[in-house]
Amino acid sequence: SLYNNRYAGDQVFRITPGNDEEVQVLKKVLSHMKVDFWQPNSVSMIHPNNTVDVHVKHSLTQSLHAHLKQRHIDYRVFISNLQKEIEKQTGHRSTRKRR
Amino acid sequence: SESEYDYEVYHPLQEIQSWMFEMNRTHPYLVHMFSIGKSYEGRPLYVLQVGQMGGETVENVTRLFVFRIILKTVFASCQLGKRSRPQKKAVWIDCGVHAREWIGPAFCQWFVKEAINSYKYDSVMRRLLNQLNFYIMPVFNVDGYHFSWTTDRFWRKTRSKNHKFHCRGVDANRNWKVKWCEEGASYHPCDDTYCGPFPESEPEVKAVAKFLRKHKKRVKAYISIHAYAQMLLYPYSYKYAAIPNFDCVESAAHNAVTALYSAYGVKYRYGPASTTLYVSSGSSIDWAYRNGIRYAFAFELRDTGYYGFLLPETLINPTCTETTRAVKAIASGLLKKC
Numbered sequence: 331s332l333y334n335n336r337y338a339g340d341q342v343f344r345i346t347p348g349n350d351e352e353v354q355v356l357k358k359v360l361s362h363m364k365v366d367f368w369q370p371n372s373v374s375m376i377h378p379n380n381t382v383d384v385h386v387k388h389s390l391t392q393s394l395h396a397h398l399k400q401r402h403i404d405y406r407v408f409i410s411n412l413q414k415e416i417e418k419q420t421g422h423r424s425t426r427k428r429r
Numbered sequence: 006s007e008s009e010y011d012y013e014v015y016h017p018l019q020e021i022q023s024w025m026f027e028m029n030r031t032h033p034y035l036v037h038m039f040s041i042g043k044s045y046e047g048r049p050l051y052v053l054q055v056g057q058m059g060g061e062t063v064e065n066v067t068r069l070f071v072f073r074i075i076l077k078t079v080f081a082s083c084q085l086g087k088r089s090r091p092q093k094k095a096v097w098i099d100c101g102v103h104a105r106e107w108i109g110p111a112f113c114q115w116f117v118k119e120a121i122n123s124y125k126y127d128s129v130m131r132r133l134l135n136q137l138n139f140y141i142m143p144v145f146n147v148d149g150y151h152f153s154w155t156t157d158r159f160w161r162k163t164r165s166k167n168h169k170f171h172c173r174g175v176d177a178n179r180n181w182k183v184k185w186c187e188e189g190a191s192y193h194p195c196d197d198t199y200c201g202p203f204p205e206s207e208p209e210v211k212a213v214a215k216f217l218r219k220h221k222k223r224v225k226a227y228i229s230i231h232a233y234a235q236m237l238l239y240p241y242s243y244k245y246a247a248i249p250n251f252d253c254v255e256s257a258a259h260n261a262v263t264a265l266y267s268a269y270g271v272k273y274r275y276g277p278a279s280t281t282l283y284v285s286s287g288s289s290i291d292w293a294y295r296n297g298i299r300y301a302f303a304f305e306l307r308d309t310g311y312y313g314f315l316l317p318e319t320l321i322n323p324t325c326t327e328t329t330r331a332v333k334a335i336a337s338g339l340l341k342k343c
């Protein structure tokens with residue numbers, strides 16, 4: 331499989347902190363996790379009511395779910411399995427099409 | 006061959022470069038391919054000049070120059086006097102500054118194909134290519150793009166090494182010499198917004214900056230293609246102030262997003278990058294603006310958070326179709342006075 335299956339089970343969270351307090355909590359949580367910021371580009375750019383998209387390793391997804399639920403911060407998972415999405419994007423169809 | 010090339014799939018770097026050679030070979034009067042330097046890992050930085058040639062190639066320019074001198078002398082003595090043709094204005098478009106934003110290179114290829122295919126039957130495109138040159142760089146960050154195909158799909162930065170840290174790469178959109186490494190950028194080599202050891206430390210950035218400096222008299226617009234957010238941004242990024250020609254740029258942006266909307270009804274937000282998105286220093290549009298390019302834009306293409314960087318290939322066509330309308334609107338604006 332593509333990229334040696336390294337993204338299997340990884341997820342992308344979309345988090346919307348509603349106020350300054352939630353922003354501070356979110357900054358603290360995400361600073362201690364090795365996540366990949368999709369939008370904005372870094373933890374320092376998180377602002378109230380601006381969406382934060384982060385790519386989270388499969389080993390950390392449960393912990394982030396727990397943190398966000400515990401603090402009632404609004405979020406949803408917009409890509410539930412990154413590897414599958416990657417396979418869909420450039421996996422089998424396009425190779426066949428290209429050939 | 007060109008007719009079989011599929012513009013509705015993502016292509017790895019090698020295929021894009023082969024496609025560039027093919028376009029250069031098959032359209033000598035509209036396309037001229039050249040390199041502006043090498044990347045950190047030694048790959049060529051190819052650019053396509055797209056526009057009705059009319060003696061613009063180097064040999065022709067030289068020949069034309071000599072011919073003009075003779076002609077001028079002859080006509081000057083006979084008072085026939087005929088004004089020589091002014092050099093064409095130019096629009097620079099770069100794609101793929103950030104490696105994982107694959108829709109960028111797909112758009113650059115799409116735009117070249119559209120420009121060439123519609124030159125004959127679309128009067129707007131014909132006028133644009135007759136009066137303007139487009140310098141189109143399908144993959145700015147060639148090393149990062151290749152790495153995103155082979156190893157890390159979500160790589161963002163270049164692939165330069167840092168002697169003190171194990172992390173690699175600089176954010177090529179934080180490496181320009183304008184308010185370098187201040188708000189919105191990071192000094193830390195492991196951060197995704199790392200500004201680099203010094204401005205233009207990245208050979209890719211240095212090569213583009215050098216080209217734009219060299220052609221600054223002719224380049225009237227700078228466009229950088231990014232993803233994802235569905236926005237059209239213009240200076241400033243590094244501060245909350247209005248640019249001197251705000252009215253003209255704002256109206257150009259308005260016209261562009263209106264043209265984009267006309268394709269599929271997709272709404273783009275537009276405005277100064279600092280207020281529309283966030284403050285960030287060292288960006289290419291601020292550098293271009295400060296270096297005399299009065300129209301500098303950054304597109305953030307689809308989507309707004311459903312697929313993110315993994316925009317499906319089935320959306321390449323509509324995304325590139327609508328964005329082509331926006332770019333044509335910006336370029337057309339250059340031919341009018343504002």
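Those protein sequences? They're chains A and B, same order as listed.
Note that our numbering has the first sequence beginning at 331, numbered continuously upward.
Note that our numbering has the second sequence beginning at 6, numbered continuously upward.
Even for Gly, the Cβ is constructed at its ideal location relative to N, Cα and C.
Residue i burial status per 10 Å Cβ neighbour count (16 or more: buried)
{"i": "ARG48(B)", "result": "buried"}
{"i": "ASP350(A)", "result": "exposed"}
{"i": "ARG406(A)", "result": "exposed"}
{"i": "ARG426(A)", "result": "With a pLDDT of 45 at ARG426(A), under the threshold of 50, the predicted position of this residue should be treated as unreliable, though the coordinate-derived value follows. So ARG426(A) ends up on the exposed side."}
{"i": "TYR150(B)", "result": "buried"}
{"i": "GLN235(B)", "result": "buried"}
{"i": "ASP11(B)", "result": "exposed"}
{"i": "PHE139(B)", "result": "buried"}
{"i": "ARG164(B)", "result": "buried"}
{"i": "VAL117(B)", "result": "buried"}
{"i": "TYR126(B)", "result": "exposed"}
{"i": "CYS200(B)", "result": "buried"}
{"i": "ALA246(B)", "result": "exposed"}
{"i": "ASP291(B)", "result": "buried"}
{"i": "GLU415(A)", "result": "buried"}
{"i": "LYS87(B)", "result": "Its pLDDT being 43, under 50, LYS87(B) is placed unreliably by the model, and the measurement read from it follows with that caveat. Answer is exposed; the Cβ neighbour count stays below 16."}
{"i": "VAL63(B)", "result": "With a pLDDT of 44 at VAL63(B), under the threshold of 50, the predicted position of this residue should be treated as unreliable, though the coordinate-derived value follows. Looking at its Cβ environment, which holds fewer than 16 other Cβ atoms inside 10 Å, VAL63(B) is exposed."}
{"i": "LYS1(B)", "result": "Lying outside 6 to 343, the shown extent of chain B, residue 1(B) is not represented and no answer is given."}
{"i": "SER153(B)", "result": "buried"}
Cutoff 8 Å; reference residue i; Cβ partners in own chain excluding five residues on either side
{"i": "LEU35(B)", "result": "VAL55, GLY56, GLN57, MET58, ALA120, ILE121, TYR124 and LEU134"}
{"i": "GLN84(B)", "result": "For GLN84(B), the predicted structure reports a pLDDT of 42, less than 50, and the residue's modelled location is therefore unreliable. A value from the coordinates is still provided. Taken in chain order, the list of residues that qualify is empty."}
{"i": "PRO33(B)", "result": "MET58"}
{"i": "GLY348(A)", "result": "PRO378, ASN379, ILE403 and ASP404"}
{"i": "SER82(B)", "result": "Residue confidence for SER82(B) is low, a pLDDT of 46 falling below 50, so the modelled location carries little weight and cannot support an answer."}
{"i": "ARG223(B)", "result": "GLN92, LYS93, LYS94, ALA95 and ASN138"}
Chain-ordered chain B contacts of residue i [CB-CB under 8 Å]
{"i": "PRO415(A)", "result": "Here the sequence assigns Glu to residue 415(A), which means Pro is not the residue at that position. The answer, in chain order, is TYR312 and LEU315."}
{"i": "PHE408(A)", "result": "GLY310, TYR311 and GLY313"}
{"i": "TYR333(A)", "result": "THR156, ASP157 and ARG158"}
Whole-angstrom C-beta distance between residue j and residue i, which should lie under 8 Å
{"i": "SER286(B)", "j": "TYR227(B)", "result": "At roughly 17 Å, the Cβ-Cβ gap does not stay under 8 Å, so SER286(B) and TYR227(B) are not in contact."}
{"i": "LYS225(B)", "j": "LEU339(B)", "result": "5 Å"}
{"i": "HIS385(A)", "j": "TRP368(A)", "result": "6 Å"}
{"i": "ALA303(B)", "j": "SER229(B)", "result": "5 Å"}
{"i": "ILE108(B)", "j": "THR324(B)", "result": "6 Å"}
{"i": "HIS259(B)", "j": "ASN178(B)", "result": "In fact, because the Cβ distance is near 24 Å, the residues do not count as touching under 8 Å."}
{"i": "ASN180(B)", "j": "PRO204(B)", "result": "6 Å"}
{"i": "ALA95(B)", "j": "HIS220(B)", "result": "6 Å"}
Contact set for residue i: own chain, Cβ-Cβ below 6 Å, skip 5 residues either direction
{"i": "VAL359(A)", "result": "HIS397"}
{"i": "GLU187(B)", "result": "SER286"}
{"i": "ALA293(B)", "result": "TYR227 and ALA301"}
{"i": "MET363(A)", "result": "LEU390"}
{"i": "THR329(B)", "result": "PHE116 and GLU119"}
{"i": "VAL373(A)", "result": "LYS357, LEU360 and SER361"}
{"i": "ARG173(B)", "result": "ARG164 and LYS166"}
{"i": "ALA264(B)", "result": "ARG330, ALA331 and ALA334"}
{"i": "ILE346(B)", "result": "This structure cannot speak to residue 346(B), because chain B is shown only from 6 to 343."}
Contacts that residue i makes with chain B (C-beta to C-beta distance below 7 Å)
{"i": "ASN371(A)", "result": "ASP197 and THR198"}
{"i": "VAL365(A)", "result": "Going along chain B, no residue has its Cβ under 7 Å from VAL365(A), so there is no contact; the nearest lies around 11 Å."}
{"i": "VAL342(A)", "result": "GLY313"}
Contacts that residue i makes with chain B (C-beta to C-beta distance below 9 Å)
{"i": "ASP350(A)", "result": "Those do not exist, as ASP350(A) stays about 16 Å from chain B at its closest Cβ, beyond 9 Å."}
Within chain A, the residues that residue i reaches when beta carbons sit closer than 7 Å
{"i": "GLY189(B)", "result": "MET375"}
Proximal chain A residues relative to residue i, where beta-carbon distance stays under 9 Å
{"i": "TYR245(B)", "result": "The premise fails here: TYR245(B) is roughly 14 Å from chain A at the closest Cβ pair, so nothing lies under 9 Å."}
{"i": "ALA104(B)", "result": "Ordered by position in chain A, no residue passes the 9 Å Cβ test against ALA104(B), which lies about 13 Å from the chain."}
{"i": "ALA177(B)", "result": "Correct list: empty, because the minimum Cβ distance to chain A is about 12 Å."}
Residue i beta carbon near the ligand GDP (any heavy atom closer than 7 Å)
{"i": "LYS215(B)", "result": "By its list of ligands, the structure shown contains no ligand whatsoever, and the ligand GDP lies outside what it can speak to."}
Beta-carbon contacts of residue i that lie in its chain and below 7 Å, excluding the five residues immediately before and after
{"i": "GLY42(B)", "result": "LEU50, PRO208 and ALA212"}
{"i": "ALA257(B)", "result": "TYR300, ILE335 and GLY338"}
Positions along the segment 150 to 173 of chain B whose CB lies within less than 9 Å of some CB in chain A: TRP154, THR155, THR156, ASP157, ARG158, PHE159 and ARG161
Within 7 Å of chain A by C-beta, residues of the segment 251 to 275 of chain B in sequence order: none
Positions along the segment 274 to 296 of chain B whose CB lies within less than 7 Å of some CB in chain A: TYR283
Could you name the residues of the segment 376 to 400 of chain A whose beta carbon sits closer than 7 Å to any beta carbon of chain B, in the order they occur along the chain? THR381, ASP383 and HIS385
Of all the residues that make up the segment 215 to 235 of chain B, which are near chain A by a beta-carbon distance shorter than 9 Å? Within the segment 215 to 235 of chain B, the residues whose Cβ lies closer than 9 Å to some Cβ of chain A are TYR233 and ALA234, listed in chain order.
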